[in-house]
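Numbering-wise, the working numbering puts 139 at position 53 of the sequence shown, and it's gapless, one number per residue.
Think of the CB as a built atom: it goes at the ideal place given N, C-alpha and C, for glycine as much as any other residue.
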Amino acid sequence: GQTVDIPFVREATIILSGYRGVDIWFIPFPLGNYGAQTMKFREIELTGTQFNSIIRAEIFMVPIVLFTSFLYGSYIWKLAPIPSASYPYAQLMWRLRAYQQCLFITGTMRSELAVDSDRAGWTPANLIENEWWYWRVRLVDDEWQESNGKRGEVGPWMPTQVFYSHYDKGEPEMASERFLRDDQLASGQVVQGLPAIRALGPAMDAIIRDPRPTLQIAVDEAVPAGWSYYFEVDTDPLFTSSWIQRSTDVPWLFKALKPEVIAFGAGFGLVSFILLSILGLPILLIFGFVRSLTHLPHFVVTEIIGAMLARYYFWNKYGRQEWRQFAPILAVGFSCGMALMGMAAVGVALIQKSVSVLIF
């Protein structure tokens, strides 16, 4: 009588499609699991309710829900800025929700590095608009790249290049002038005698209308074995801002995914399912365990207490069959009571937020 949802279908579809950029995450993506409606149809059949009654109730309810949603939404929005101290939950949780959403978005923001015998091209992830972008390239050895710049050798930077990002039609109104600094800031042992790097494009001071431009360079001779290109692009000519991108960057999503943890969880679930089936124990035990991992502790603990009371007290007092008939009615009554209390609490909170305290 329960539905099963396959998680992260939308996210996996977008990431595995190979698309690069963030705009795909904001398009309408029809992904409705309508299999749950069959459970509702079964409930309607068991309660003897007519489908015509359900249709009339939906027709009556939809206009009311739409009107009240806009009414209360606009009222709450006008009470105080969101987020602000007036809405402590939103002020605390909106940043966490934003981080969680952006975590998946980074899955399509991976840069691409294409290397040929005497040239290379690097395509960074989305660049913000109406900014001067400074970029440079150097050669680094494998040890430097594997240690993230803590050890190893590097070559000198090529002269810094700059372009302006503007994605709309027409000429941009450049709010700030560009500034170049070609000082060689030490970040490792600089090795001389490596192939000289020269920029092929974009042209100096060019206007770029693509959020993912390809930065191209060339060398006069082959790159020695054990050395590779290292690109940087930033809105700061000193390459110290939070917008900096590097050719060695890995999206946050791929840092968060732990294949060994996923494999352990899959193996644990499979082995537990097989053992429970062989021993004749309820296999719902493993589902309850997995569900407890994704819920807050105070939800799970109270459910365990309720299950223990039902099993060792109410079954003995009312009987197993009779208690199972009582339990759904109690659950419905409890849900209705919680809904009424929630509505009353929201009403009191809205009145409290809309009243201003005067000093006299």
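Name the two residues that bound the continuous alpha helix (DSSP H) containing residue i.
i: D228; result: 228 to 232
i: I100; result: 95 to 102
i: Y253; result: Careful: Y253 lies outside any alpha helix (DSSP H) and carries neither H nor E.
i: A384; result: Sequence check: residue 384 is His here, not Ala. Start and end: 383 to 395.
i: R264; result: Segment: none, R264 is in no alpha helix (DSSP H) and carries neither H nor E.
i: N402; result: 401 to 404
i: V108; result: No alpha helix (DSSP H) holds V108; DSSP gives it neither H nor E.
i: M147; result: 137 to 165
i: L189; result: 174 to 191
Keeping to the same chain, check which residues put their C-beta closer than 6 angstroms to that of residue i; ignore five residues upstream and five downstream.
i: Y250; result: W218, I293
i: A206; result: I303, Y315
i: S378; result: V386
Quick one: using the 10 Å Cβ neighbour count with 16 as the cut-off for buried, is residue i buried or exposed?
i: T124; result: exposed
i: Y315; result: buried
i: D202; result: exposed
i: V376; result: exposed
i: G256; result: exposed
i: W163; result: exposed
i: L301; result: buried
i: T246; result: buried
i: F350; result: exposed
i: V223; result: buried
i: L117; result: exposed
i: V434; result: exposed
i: F354; result: exposed
Which same chain residues end up closer than 7 angstroms to residue i when comparing Cβ atoms and leaving out the 5 residues on each side of it in sequence?
i: W230; result: R237, G238, E239, V240, G274
i: I101; result: G193, T194
i: F115; result: R96
i: L165; result: S172, K439, S440
i: F265; result: P323
Under the assumption that residue i contacts residue j (Cβ atoms under 8 angstroms), give the Cβ distance between them as a whole number of angstroms.
i: P323; j: Y220; result: 5 angstroms
i: F412; j: Y404; result: 7 angstroms
i: D306; j: A282; result: 6 angstroms
i: Q177; j: A184; result: Incorrect: roughly 12 angstroms between the Cβ atoms, too far for contact.
i: F359; j: I348; result: About 17 angstroms separates the two Cβ atoms, so there is no contact after all.
i: W208; j: F340; result: Not really, about 18 angstroms apart at Cβ, beyond 8 angstroms.
i: I191; j: W329; result: I191 to W329, Cβ: 16 angstroms. No contact.
i: S197; j: Q331; result: 7 angstroms
i: D227; j: G312; result: 6 angstroms
i: W409; j: A396; result: 7 angstroms
i: S447; j: L199; result: The chain is shown from 87 up to 446; residue 447 falls before or after that span and cannot be answered.
i: F137; j: I145; result: Between I145 and F137 the Cβ distance is about 13 angstroms, and since that is not below 8 angstroms, they are no contact.
To which residues of the same chain is residue i closer than 8 angstroms at the C-beta, ignoring the five residues directly before and after it?
i: M195; result: R106, G107, V108, A211, N212, P337
i: L362; result: P368, I369, L371, I372
Just reading off the beta strand (DSSP E) that residue i is part of, what are its end residues?
i: I303; result: 301 to 305
i: V319; result: 313 to 320
i: A292; result: 292 to 294
For residue i, which residues does DSSP report across the bridge?
i: T209; result: E198
i: V248; result: Y220
i: A285; result: I303
i: L225; result: Y315
i: R332; result: E318
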